[in-house]
Amino acid sequence: MPTPNYDLTTLAARAGEEARPSGSVPLVEPIYQSTVYAFSDLDALERVMSGEEAGSFYYRNGTPNAATLERALATLEGTEAALVAGSGMAAISAALLGVLKAGDHVVADARIYGVTYALLAEEFPRLGITTTFVDACDPGAVEAAFRPETRLLHVESLTNPLMTVPDVPRLAALAHAHGVLLSVDNTFASPAVFRPALHGADLVTHSVSKYLSGHSNAFGGVVCGPADLIAPARTRLVRLGGTMSAFDAWMTLQGLKTLGLRMRAHSGNAQAVADVLANHPRVRAVYHPGLSSHPQFERAQELFPNGFGGMLSAEIEDAPTFVRALSGRIPLAPSLADVLTSLSWPWGTSHRALPEAERRRLGITPNLLRLSVGIEDIGDLLGDLEGALEEVAGQRAEG
Ligand SMILES: Cc1ncc(COP(=O)(O)O)c(C=O)c1O
118 MPTPNYDLTT LAARAGEEAR PSGSVPLVEP IYQSTVYAFS DLDALERVMS GEEAGSFYYR
178 NGTPNAATLE RALATLEGTE AALVAGSGMA AISAALLGVL KAGDHVVADA RIYGVTYALL
238 AEEFPRLGIT TTFVDACDPG AVEAAFRPET RLLHVESLTN PLMTVPDVPR LAALAHAHGV
298 LLSVDNTFAS PAVFRPALHG ADLVTHSVSK YLSGHSNAFG GVVCGPADLI APARTRLVRL
358 GGTMSAFDAW MTLQGLKTLG LRMRAHSGNA QAVADVLANH PRVRAVYHPG LSSHPQFERA
418 QELFPNGFGG MLSAEIEDAP TFVRALSGRI PLAPSLADVL TSLSWPWGTS HRALPEAERR
478 RLGITPNLLR LSVGIEDIGD LLGDLEGALE EVAGQRAEG
């Protein structure tokens, strides 16, 4: 089509507009950075705005990349629908606010992620929503905490940093018998290890910057569940403005493609590291669900038949020396689930807000380190870890 004799300002404003898909289509979905969508007529606009037809209209309400990721994550978690968000906390907030109102009560595991704890303990009471924290590995304590106004039970499928494994099928049955919904944060496990919705969970959440994306380069969250619970969560998220960026959705989708392979490698390596550390004289305790010393060893075998993922914690005789000895090979970084192994220090990071006595009561000591075991060659990894433990032994001998 010949270009009409427009002014330069018009030509510049419409630059690139003639680009449309032709015979060949991109193998990888493009990143849709457009913040708004154009419609051919009012009926087409109405069909999308009313939800009668799938489509995008405004970035905050969701991009095509987010919609693609939502379909993929719902499939992986075995749920009808999913909603992606700008962070794991945005997803959890939207999921919980979607089902809770003033006067409602929540029961939650005391071992949940610290910011989720703070959301329930400090933010929700301002909205008239209260929470009782219990040990979710004790179903009797969970049941005793239920009240007539309890609406939700929130737990994590694998907890940080001691890797406890609540009995999700039993908790789902217990919750449903009391008319309570079960929400499970599945971040540490990933759907390759455990799919909570197939065991009765109503809502499943993730911080997607962990195993789902897998390379510490995409940020976001997701809540998966039935369409009638995802719809109110979406309304809350859109109004609170917690949209996931198109780029982060796109990056997450690229990482997601290797989830199965990565989790097999993470699980195998973490089990091997746990076995070696558990028998090392410089290691006082190891917390990993695949060790027979783990308090929920049998339950973990039953619920996680394909392995336990890459997370474990260990109490080292001299953690500062161990961390220094690994510097340049295994980084100290307060996150998890990358393809490379990293260390974190629960005493000084995730649990630093807890009083010292409470940290010690939970088993979180200054020498406890959390390992997010990566997919490196296991011989190299064990060599690095054993070399650092030798330095710990050397320090002891000198001291
Ligand atoms: C288990 C768990 N849930 C939720 C979150 C919060 O996710 P985000 O940091 O993406 O908001 C985290 C963050 O580390 C986490 O570890």
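If you want the numbering used here, it's the position in the sequence shown, counting the first as 1, plus 117.
C-beta atoms are modelled at their ideal positions from N, C-alpha and C, and glycine is treated no differently.
Computed from a prediction, not measured in an experiment: that's the story for all the values here.
- Contact between the stretch 236 to 246 and the stretch 284 to 300 is absent: fewer than three C-beta pairs spanning the two stretches fall below 8 Å.
- Here the alpha carbon of Ala387 sits roughly 26 Å from the alpha carbon of Thr233.
- Shortest gap from the CB of Val232 to any heavy atom of ligand 1: under 7 Å.
- Secondary structure of Leu408 (DSSP, three-state): coil.
- Setting aside the 5 residues that flank it on each side, Pro256 is surrounded in the same chain by Asp284, Arg287, Leu288, Leu291, each with a C-beta closer than 7 Å to its C-beta; the list follows chain order.
- By the C-beta criterion, the stretch 315 to 330 is judged to be in contact with the stretch 185 to 202, since at least 3 inter-stretch pairs fall below 8 Å.
- Within the stretch 275 to 347, the beta strand (DSSP E) runs of at least 3 residues that lie entirely inside it are, in chain order, 298 to 302, 320 to 324, 338 to 342.
- Counting along the chain, the unbroken alpha helix (DSSP H) around Ile209 starts and ends at 205 to 216.
- Set against 7 Å, the gap from the CB of Thr267 to the closest heavy atom of ligand 1 is not smaller.
- At least 8 Å separates the beta-carbon of Arg476 from that of Glu432.
- In this structure, the C-beta of Ser204 approaches ligand 1 to less than 7 Å from one of its heavy atoms.
- For Phe250, the secondary structure class from DSSP, reduced to helix, strand or coil, is strand.
- For His271, DSSP records a beta bridge to Ala225, Ser300.
- In the structure shown, the three-state DSSP call for Met428 is strand.
- Distances from the alpha-carbon of Arg487 to those of Asp494, Ser167, Ser467, Pro313 put Ser467 closest.
- For Leu144, there is no enclosing alpha helix (DSSP H), as DSSP gives it neither H nor E.
- Judged by DSSP secondary structure, Ala155 falls outside any alpha helix (DSSP H); it is assigned neither H nor E.
- A Cβ-Cβ contact shorter than 8 Å links His332 with Gly372.
- With a cutoff of 8 Å on beta-carbon distance, Thr458 and Glu508 are scored as not near each other.
- For Val201, the enclosing beta strand (DSSP E) starts and ends at 198 to 202.
- By the Cβ test, the stretch 264 to 281 is in contact with the stretch 218 to 233, since at least three Cβ pairs between them sit closer than 8 Å.
- Nearest neighbour of Gly337 by Cα position, chosen from Leu186, Tyr154, Gln150, turns out to be Leu186.
- Contact annotation, Arg441 with Asp501: C-beta distance approximately 13 Å; criterion of less than 8 Å not satisfied.
- Within the same chain, Gly172, Phe174 come within 6 Å of Val165 by CB-CB distance, once the 5 residues on both sides are set aside.
- A straight line joining the alpha-carbon of Trp462 with that of Leu429 spans about 12 Å.
- The DSSP assignment places complete alpha helix (DSSP H) segments of no fewer than 4 residues inside the stretch 427 to 477 at 436 to 443, in order along the chain.
- Remark: the shortest separation between the CB of Ser326 and any heavy atom of ligand 1 falls under 7 Å.
- For Arg487, the three-state secondary structure derived from DSSP is strand.
- The alpha-carbon separation between Pro472 and Gly231 amounts to approximately 13 Å.
- When secondary structure is reduced to three states using DSSP, Arg243 falls in the helix class.
- In the displayed model, Arg351 falls within a helix according to three-state DSSP.
- Taken atom to atom, the span from the alpha-carbon of Gly504 to that of Asp435 is near 14 Å.
- CA-to-CA, the gap between Val282 and Ala227 works out to about 13 Å.
- For Glu273, the Cβ falls inside the 7 Å cut-off from some heavy atom of ligand 1.
- Between the C-alpha atoms of Ala391 and Glu197 there is a straight-line separation of about 36 Å.
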